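Protein chains: 2
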Amino acid sequence: MSIILTSPLDMHLHLRDEEMLSTVAPLSAKSFSGAIIMPNLVPPISTKEALLSYKERILKACGKENFTPYMTLFFKPTYTKEFLESIKDDLVAIKLYPAGITTNSEGGLSGFDVEELRPTLTAMSELNIPLCIHGETNGFVMDREAEFVSIYEMLATNFPKLKIIMEHITTKESVEALDRFENLYATITLHHLLITLDDVAGGMLQPHLFCKPIAKRPEDREALRKVALEGNPKVMFGSDSAPHPQHAKESCGCAAGVFTAPIALQLLTELFVEHSTVEKLQAFVSDNARRIYNHIKVPTKRVTLEKEPFIVPTKYDNVVPIFATKTINYNIIKIEKIGDR
Amino acid sequence: MSIILTSPLDMHLHLRDEEMLSTVAPLSAKSFSGAIIMPNLVPPISTKEALLSYKERILKACGKENFTPYMTLFFKPTYTKEFLESIKDDLVAIKLYPAGITTNSEGGLSGFDVEELRPTLTAMSELNIPLCIHGETNGFVMDREAEFVSIYEMLATNFPKLKIIMEHITTKESVEALDRFENLYATITLHHLLITLDDVAGGMLQPHLFCKPIAKRPEDREALRKVALEGNPKVMFGSDSAPHPQHAKESCGCAAGVFTAPIALQLLTELFVEHSTVEKLQAFVSDNARRIYNHIKVPTKRVTLEKEPFIVPTKYDNVVPIFATKTINYNIIKIEKIGDR
Numbered sequence: 001m002s003i004i005l006t007s008p009l010d011m012h013l014h015l016r017d018e019e020m021l022s023t024v025a026p027l028s029a030k031s032f033s034g035a036i037i038m039p040n041l042v043p044p045i046s047t048k049e050a051l052l053s054y055k056e057r058i059l060k061a062c063g064k065e066n067f068t069p070y071m072t073l074f075f076k077p078t079y080t081k082e083f084l085e086s087i088k089d090d091l092v093a094i095k096l097y098p099a100g101i102t103t104n105s106e107g108g109l110s111g112f113d114v115e116e117l118r119p120t121l122t123a124m125s126e127l128n129i130p131l132c133i134h135g136e137t138n139g140f141v142m143d144r145e146a147e148f149v150s151i152y153e154m155l156a157t158n159f160p161k162l163k164i165i166m167e168h169i170t171t172k173e174s175v176e177a178l179d180r181f182e183n184l185y186a187t188i189t190l191h192h193l194l195i196t197l198d199d200v201a202g203g204m205l206q207p208h209l210f211c212k213p214i215a216k217r218p219e220d221r222e223a224l225r226k227v228a229l230e231g232n233p234k235v236m237f238g239s240d241s242a243p244h245p246q247h248a249k250e251s252c253g254c255a256a257g258v259f260t261a262p263i264a265l266q267l268l269t270e271l272f273v274e275h276s277t278v279e280k281l282q283a284f285v286s287d288n289a290r291r292i293y294n295h296i297k298v299p300t301k302r303v304t305l306e307k308e309p310f311i312v313p314t315k316y317d318n319v320v321p322i323f324a325t326k327t328i329n330y331n332i333i334k335i336e337k338i339g340d341r
Numbered sequence: 342m343s344i345i346l347t348s349p350l351d352m353h354l355h356l357r358d359e360e361m362l363s364t365v366a367p368l369s370a371k372s373f374s375g376a377i378i379m380p381n382l383v384p385p386i387s388t389k390e391a392l393l394s395y396k397e398r399i400l401k402a403c404g405k406e407n408f409t410p411y412m413t414l415f416f417k418p419t420y421t422k423e424f425l426e427s428i429k430d431d432l433v434a435i436k437l438y439p440a441g442i443t444t445n446s447e448g449g450l451s452g453f454d455v456e457e458l459r460p461t462l463t464a465m466s467e468l469n470i471p472l473c474i475h476g477e478t479n480g481f482v483m484d485r486e487a488e489f490v491s492i493y494e495m496l497a498t499n500f501p502k503l504k505i506i507m508e509h510i511t512t513k514e515s516v517e518a519l520d521r522f523e524n525l526y527a528t529i530t531l532h533h534l535l536i537t538l539d540d541v542a543g544g545m546l547q548p549h550l551f552c553k554p555i556a557k558r559p560e561d562r563e564a565l566r567k568v569a570l571e572g573n574p575k576v577m578f579g580s581d582s583a584p585h586p587q588h589a590k591e592s593c594g595c596a597a598g599v600f601t602a603p604i605a606l607q608l609l610t611e612l613f614v615e616h617s618t619v620e621k622l623q624a625f626v627s628d629n630a631r632r633i634y635n636h637i638k639v640p641t642k643r644v645t646l647e648k649e650p651f652i653v654p655t656k657y658d659n660v661v662p663i664f665a666t667k668t669i670n671y672n673i674i675k676i677e678k679i680g681d682r
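Spelled out as structure tokens, the structure:
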């Protein structure tokens, strides 16, 4: 049986810059039609010039693939409506980081004062610019995301027309919040559908499975799987694929991030087939995102997968992917470009 | 102010063998009067010959320090009373590992059938040989110890005269069990008094803080601190100091174990002083153990510590200690041997 996915989208992707960008961008561009590109470079993307220049570097790195990088700004409460209007054609979303919560997030937000946020968030609502949030407090590592749910609720209540994307959710608490607010959506990564803290630290310590938010409990993974596998219209695939050079992962003080982009579609297919829900995969990897991000244009691509062993490479250049050397049961056997649809 | 500790004991110590033994044994022997030596070598210590030969190698590695290695066997349900009687003079305790639960525990117990265990545990009760247990199930990493409490209770109930030591406890559930059974005791490590999972995986991933059982939640650490700092008579210091070569810690698939032995007394003094309970430290690091293990002889040693900065070395040979390069506020300024007491 062939599984054909039309225009897969990765709604949360780190492409980095310079050498790393050259390594990883073509890998995503090959099998995805587009991706929401995270702005947490050093310094973060917060001006029109920086955004356009980064987009250009990405397109150059992708070569001839028909792949659209959906650009984001690093949220600042000082963005005015005029500024956002001036950049709107090139901007797909804005990403909010609490200060210091993950890689290169030092310049993030240090508090959630509704009145301080109101002008920018109101402008975003009016301009149909979604707000993507890394939702973690600075509390205990297993509680950070669940503690943040009250902030999601506060924002969803105060800005009912703002599309709020809870990025890379990892807990049942976040899943439950989806049902309570019409304007809350979520991305879910591949790795949080597959692993729990047991895989990271239950046997030997596995730095290549260490990420933020950290993988949680089995019951959290179940809650994530449920909404992903049923193709719940409020959740989208976002890999949060976050490459680091091998030495930064396999050392004292290992950086957070799991590199999954080049093997994500193969593993998602395997997971959905195993759960007899492969007919929902198209919604999870593309259709839901197109409906939620109703302002994006998506280049058409057709990706065909079949049951065929695929051995995950040891490395892509100097980046070790998730499940390196393991065998996945599904492989991409054909990728067709069909022009814009 | 000087803090004088008389005959400190480490009631849970890994000395390994060969080169590693030569590196780490002198470091414990210098400031401790004795230590319970874990038997999980490859193969594990399970015969009188192996035990005596290992004891000899340890004493040789310790040189002229007056330090007593309290030897243990790796628990097997096949040990007979005759065998235990024949080894009793050289045996201080027996250590039980569930199969596969930690480093070199593959030959451990794969089930807890009271009737299968009865002959050996009855003999141990009669011979006053304590049973030390690594109490974890093979469940989810954060739940393994709490899930094991019911097994502690089953054993404590069925063998009321057997001294059962819950080794390196890390949870409030284990602390609470201490009060329910007269014959349950516990060791607590230095690192579980100091860190939580946040320190291991809340920022960057810290392999040198990765151990089994894994550090738990803040409320668990509070429960451990309470009984340690009050000098609760049922708890003893056991470092579980577990050296691995640097390359085995800083790599993909990092081994479990924190190396603390040479800096444990300095850090314990700092902790107890900070909490204004330094007068309870003697009970925690020696007196409680002497009362619980009332069959051991303890060489007398007097260790004097003072408030003086001590920078933790980067390495001891090829072993990286906990908090390498950090400054501790207390230092050992004098160690006196006073002959047996």
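In order, the protein sequences belong to chains U and W. The numbering used here numbers the first residue of the first sequence as 1 and each following residue consecutively. The numbering used here numbers the first residue of the second sequence as 342 and each following residue consecutively. Positions of the beta carbon are idealized from the N, C-alpha and C atoms, including for glycine. Small disclaimer: the values here were computed from a predicted structure and weren't measured.
| Asked | Found |
| --- | --- |
| Alpha helix (DSSP H) segments (min. 4 residues) lying fully within the segment 275-308 of chain U | 288-292 |
| Residue-level contact to chain U via CB, A487(W), 9 angstroms cutoff | no |
| C-alpha distance - M342(W) paired with A624(W), whole-angstrom precision | 19 angstroms |
| Contact set between the segment 486-519 of chain W and chain U, restricted to residues whose Cβ is under 8 angstroms from the partner | none |
| Within-9 angstroms CB hit, S241(U) to chain W | no |
| Touching by the beta-carbon criterion (3+ pairs, under 8 angstroms), the segment 216-224 of chain U and the segment 313-323 of chain U | no |
| Cβ neighbours of S580(W) in the same chain (closer than 7 angstroms, five flanking residues each side left out) | D351, H353, L354, T530, L531, T601, A602, A605 |
| Neighbour list for R558(W) in chain U, Cβ cutoff strictly below 9 angstroms | F140, M142, D143 |
| Chain U within 9 angstroms of F551(W), Cβ atoms only | yes |
| CA-to-CA distance, A497(W) to R682(W), given in whole angstroms | Its pLDDT being 41, under 50, R682(W) is placed unreliably by the model, and nothing is read from it. |
| Cβ-Cβ distance between L84(U) and L127(U) below 9 angstroms | yes |
| Beta bridge counterpart(s) of N331(U) as assigned by DSSP | E306(U) |
| Straight-line Cα distance separating T304(U) from N331(U) | 8 angstroms |
| Run of the alpha helix (DSSP H) containing M412(W), from where it starts to where it stops | Here M412(W) belongs to no alpha helix (DSSP H); instead the beta strand (DSSP E) covers 409-415. |
| Minimum Cβ-Cβ distance from E591(W) to chain U less than 9 angstroms | yes |
| Residue from E82(U), E250(U), V92(U), T80(U) whose Cα sits closest to the Cα of L52(U) | V92(U) |
| Helix, strand or coil at T157(U) [DSSP, three-state] | helix |
| Close-in-space but distant-in-sequence residues of the same chain around K249(U) (CB under 7 angstroms, 5 per side omitted) | P207, H208, A255, V320 |
| Spatial distance of K675(W) from S582(W) (CA atoms) | 22 angstroms |
| Contact belief for G100(U) with P69(U) at Cβ below 8 angstroms, rounded distance in angstroms | Contact doesn't hold; Cβ gap of about 26 angstroms is too wide. |
| Counted within 10 angstroms of its Cβ, other Cβ atoms place I311(U) as buried (16 or more) or exposed | exposed |
| Interface partners of G107(U) on chain W, CB under 7 angstroms | Neighbours of G107(U) on chain W: none; closest Cβ ~18 angstroms, over 7 angstroms. |
| Cβ-based contacts, 9 angstroms cut-off: residues of the segment 195-209 of chain U near chain W | T196, L197, D198, V200, A201, G202, G203, M204, L205, Q206, P207, H208 |
| is_contact[H616(W), chain U] using C-beta, thresh 9 angstroms | no |
| Expected contact under 8 angstroms - CB spacing of M154(U) and Y185(U) to nearest Å | That pair is no contact at about 17 angstroms. |
| Cβ neighbours of L570(W) in the same chain (closer than 7 angstroms, five flanking residues each side left out) | F613, H616, T618, K621 |
| Sequence-distant residues of the same chain with beta carbon closer than 7 angstroms to E116(U), five excluded per side | P77 |
| Beta-carbon neighbours of I295(W), restricted to chain U and to distances below 7 angstroms | Here chain W has residues from 342 to 682 only, and residue 295(W) is not among them. |
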